[in-house]
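Following my numbering, the numbering of the sequence shown begins with 834 at its first residue and continues without gaps. Here the structure is laid out as structure tokens; the discussion comes afterwards.
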Amino acid sequence: MERTNAKKELELAGRSLIEMVFSWSLRDVLNKDLYTKKVTRIPETFSSMADYMKSFIPPLLEETHADLFSNMTALSRAPIREIDSVEMAKEFKSPKDLFYEISLKRAADTENDVGKYEPEVGDLIALTDVRPKRIDDLNRPRRFYLIAYVHGGRDENSDKISILASKSIIFTELEYARKNKRETLFAVYLMNMVTNVRIWKALHSDLEGENTNIIKQVLQAANSADENCTTCFSKGKCSSVPSCIADNLNDSQKAAVLSCVHMRDCYHQNTVKLIWGPPGTGKTKTVAFLLLALLKMKCRTLTCAPTNIAVVEVATRLRSLVGETLEYGTYGLGDIVLLGNRKRMKIDDHNDLLDVFLEHRAYVLGKCFAPLTGWKYCLESMISLLNNPEFEYIIYMEKIKKETDEDDDELDFVKDDDAAPPLTFKEFFRKKFSSIFEPLKSFMVDLYTHLPTSMIQLEVVENMIRALELLESLEVSLGRVDVAKGLTQVLNCFESKQCLRLLRSLSLTFSLPNLTENYGIKNMCLENACLVFCTASSSAKLHTEGMAPFEYLVIDEAAQLKECESAIPLQLSGLRHAILIGDEMQLPAMVKSKISEKAEFGRSLFERLVMLDHHRHLLDVQYRMHPSISLFPNREFYDNQISDGPNVQQRCFEKRFLQGNMYGSYAFISIAQGKEELGGGFSSKNMVEAAVVSEIVSKLFKQYVHTKNKVSIGVISPYKAQVHAIEEKLKKYSTYSNEGFSVDVRSVDGFQGGEQDVVIISTVRCNGNGTIGFLSNRQRANVALTRARYCLWILGNGFTLLHKNSIWKKLVLDAKERKCFHNADEDKSLSQAIMAALVEHQPDTLLSNDSLLFREARWKISFKNDFGRSIARISDAEIRQEVLSMLAKLASGWRQPQEDRDLIVLDGISSQLLEIYNVKDDENYLAWTVDILKEEGNYIQVMKVWDVVPLSDVIKLAKHLDILFGSYTVDKMQKCKHRSVDGSLVVPMKWPVDPSSTCDETDALWYLSKPLSALSIRDEPETSSATVSDHFPSLKSEDAGSKKKW
């Protein structure tokens, strides 16, 4: 493809979609219902191609709108970059072609908080003279603002970025903005439209080499259950299949591969095959062997996937298989091309893929093709040196003499005694040979590695490899030569002459294409490759004039690819057969718009064909999960059609990373004390569950340190806020990832396709009404439950998950039936972690007798509202922990020794009952009393916790309590003050109710149940003149004027 054509394609790609986005006002962008009435449900069958294409357009517009709306509402966090200059482009033509070129300020010259955003092709940006914090900042009077689409990025030839603007830039207006205190112009990222633009082109049949044969086959339901062509097979046509297929695949994998390979023998119909690959069934392995077979058959095939990660995974597996079958070094890799973005594909982390990565290949071949320094130059230089070394030495000496004469003429009066003497013949030959041999060797290997086999025949490669062996042998011989005579003997030996003949043969029989520019080399590689890998979106780059047709299209993870996006590769020129590999029971494509999602915009072609009863080849043996892990998902999602492989049934697959029944291969660990709350945005988190995850990982790490047994841990949660909370707690383990202990924390969506030794799932939801939100999604649950190899531990609130009829209710009931259900607080360390989390995040939940804090207490405790409010106000988690720890000890019967208490003098009746204990920090004091309650025919002692207050408020609290205690009878007072000791602990007393007793606790209970709003220590008493004797006339002579010291 010519460079000008590439530029033209960029300028015009999806122009009508871009202009539609340009037409939206700010009010339109913020209008969630802009396309609500225009979007209808995408049907399952279609009457025509036009009907098919049109059905996706309104949902695509709505999805584009929703994406822009989402990013506009988060404008303050948008990537941003300062612009240095703006000027009209050569293509500018008003009023439609508003093309401009912008240059960016150097990253080092930008403000620290602006960032290093680099606009890329397809980005929709806002040009504005203010850094926007909210949407309104873009639409104020006298502010410069417009929308632009980036259609050309910076490259080695230009530092400018080409944009198409939504309206003309009035440079006087721009200058005004830059001169009036707003000197900076910004480019603000709004969204990337590349994929949507490509889909738009595909839906409008605007692709080069448009081919609708495959799509026409899937408009309606399949005509038969078996898509194999009976006509061709009945005639005995059958392509030979490499033996490696039969030797390395199970029966279901082999059947799927053979069925797909045999499609090639049919030329009178187009076929779509489905391969159903549930978790752990070797889907990627099957795809890799299928591609290996197609490679051996020289069948030109495009392999796509929805994401770069998925493409890299299948390419890596294929590269590994091919490497095992190559007979002549790396010859044959040139038939494989990986097309994509180096950074997004993380190619630098996959060195094995460099040899097939197009960008790297074009760079390497560019060096080989260079006329003055490349392969041809080095080859001819080596031939000349070996053919007539004496003549080469004469040229060298003449050059030295000429340089010496020139130096003498210029510096006749200077004599340099230290000038190096000319090289001897032997020294010259060795140096010259080495300087040519090293690049020549590199060029030879690079050429037979990177050139397609159609451009470099096997005979040429054999000659190259043999020539390299002879040159290496010659290099060794040269190292042993001591005199010129010996050098002559080496050069006249049989091996030297044979090497020279091979090099001359290569010069005559092998020629390189006359290509020097990068884009031309890339096109050559793509047009001659047998296997090409890229994302479905990037396959739009293959819709170019002159591109060699593909026979096969293989789409991996097809159930995750929107059907409208699959229309891009399905329309490739010459395409005859398509193979879709996926599992509709796992997560579909992500869709931002709820309107588009409801219209089935995220549905894949794979899923729609399954709905139409299209035949699928099921891969029916799973090799990933321990049988106790696979049991539930196999029954719930796959109707028990999947068998456990022999490897997972072996005893060695039963791994115990931690001791205890709770940490077996499969467990549901119920956490009743958690609390769901909103984290970032509208996402939920549960800090108690996060604490339990952290504690379990800590235990696993301690075990790893002790045993040095490697373990990989995956932590999964459906909610981003929970993922972030857990990441914060576990980030300290990231440094050990290369030492055998790794922790990977991701959302369910981020974990699709992944697997780990141990997986911990945090379900987060914890509420009384059983609301679980999108946790109820069966596909999301399936992905989460099928990532573990040896151990799967699911954390959640059993009550919440059991409340509603969902997949999680079934899971909890199943765990109970299998005796895999455990309460987290049964484990001592988990109980402590839960307690610490409650103290830090939910202290109020501990203020009940059935909480973890008091579950084993001897004393019953009652809390006043003031205490709950005060404990919540203590910001220091350590102090809060100290207060609650003191309460736990008090409830167990511990009492603070008298000598450890601060000296506080109280008068009034409260001095006889009120206990004041200093908390560790000397700033907070715990106020409590012993009280009497009537329960089941008995009077019992209980603890009443009033408040935790600073020292300055202790006296005020005592005066308020004087009012309450004034209602107590003498009998009740005596019972409150009674102390029973069991060893060193104080235990509560119990008395049977005596009808004649004067311990009337009715009023007391009424007071205890009131919130004490009138008795709050924050207000003054209503009657400040009230005295103790007024409230306690029977105790006047005994208690009046008494004082208590702490």
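We put the beta carbon where it would ideally sit given N, CA and C, even for glycine. Remember, it's a predicted structure, so these values are computed and weren't measured experimentally.
- Selection Arg1706, Thr1117, Leu1341 and Ile1788 evaluated against Val1738 yields Ile1788 as nearest (Cα-Cα).
- Counting along the chain, Lys1753 sits inside no alpha helix (DSSP H), nor does DSSP assign it H or E at all.
- Per DSSP, the continuous beta strand (DSSP E) segment holding Pro1825 begins and ends at Lys1823 to Pro1825.
- The beta carbon of Lys938 lies closer than 8 Å to those of Arg914, Glu915, Ile916 and Asp917 in the same chain, with the five residues before and after it left out.
- A distance of 9 Å or more separates the beta carbons of Ser1476 and Asp1446.
- Each of Ser1267, Asn1356 and Ala1373 was checked against the Cα of Trp1033, and the nearest Cα belongs to Ala1373.
- Taken in chain order, the complete alpha helix (DSSP H) segments of 4 residues or longer contained in the region 1351-1403 are 1351-1361 and 1396-1403.
- Straight across, the Cα-Cα distance linking Asp1683 with Ser1664 is about 14 Å.
- Rounded to the nearest angstrom, the Cβ distance from Val1576 to Ala1670 is 19 Å, too far for a contact under 8 Å.
- Restricted to the region 1248-1305, the alpha helix (DSSP H) segments that are unbroken, complete and at least 4 residues in length are 1258-1283, listed in chain order.
- Residue pairing by DSSP places Phe1696 opposite Val1778 in a beta bridge.
- Val1814 is a Cβ neighbour of Val1820, given a cutoff of 9 Å.
- Straight-line measurement puts the Cα of Pro1204 at about 26 Å from the Cα of Glu1223.
- Ala922 and Ala998 have their C-alpha atoms roughly 11 Å apart.
- One thing to note: Pro1111 has its Cβ within 9 Å of the Cβ of Tyr1471.
- By the CB criterion at 9 Å, Ile1694 and Val1782 fall outside the cutoff.
- Counting other Cβ atoms within 10 Å of its Cβ, Lys1810 stays below 16 and is therefore classed as exposed.
- Taking all protein chains shown into account, Arg1097 has 16 or more neighbouring C-beta atoms within 10 Å of its C-beta and is therefore buried.
- Going by C-alpha positions, Thr1028 is about 23 Å away from Lys929.
- Residues Ile1078, Leu1082, Thr1119, Phe1122, Leu1123 and Ala1126 of the same chain have their beta carbon placed closer than 7 Å to that of Val1090, with the five preceding and five following residues left out of the count.
- For Tyr1100, DSSP records no beta bridge to any residue.
- With a 10 Å radius around the Cβ and a threshold of 16 neighbouring Cβ atoms, Met1444 comes out exposed.
- With respect to Leu1634, Ile1605 sits close: the two C-beta atoms are nearer than 9 Å.
- DSSP places Asp1039 in the coil class of the three-state scheme, outside both helix and strand.
- From the listed residues Trp1761, Leu1212 and Cys1653, the smallest Cα separation to Lys1697 is found for Trp1761.
- A contact is defined here as three or more CB-CB pairs under 8 Å, and the region 1581-1590 meets this definition with respect to the region 1543-1555.
- The beta carbon of Val1716 sits closer than 8 Å to those of Ile1704, Ile1707, Val1752, Asn1757, Leu1759 and Val1781, all from its chain and outside the five residues before and after it, given in chain order.
- Secondary structure note for Trp1641: it is in no beta strand (DSSP E), and the uninterrupted alpha helix (DSSP H) holding it is Ile1640 to Glu1650.
- The C-alpha of Tyr1496 lies about 14 Å from the C-alpha of Arg1651.
- If you look at Ile1169, you'll find it in the beta strand (DSSP E) that goes Ile1169 to Leu1171.
- Of the residues Glu1689, Lys1564, Arg1611 and His1448, the one whose Cα lies closest to the Cα of Ala1054 is His1448.
- With at least 16 other beta carbons inside 10 angstroms of its own, Asp1764 counts as buried.
- Within the region 1414-1477, the runs of alpha helix (DSSP H) at least 4 residues long that lie entirely inside it are, in chain order, 1427-1431, 1438-1444 and 1460-1470.
- Distances from the CA of Asn904 to each of Leu1720, Trp1109, Met1026 and Lys1131 were compared; the closest alpha carbon is that of Met1026.
- Shown here, Thr1678 sits in a helix according to DSSP, grouped into three states.
- DSSP places Asp962 in no alpha helix (DSSP H); its state is neither H nor E.
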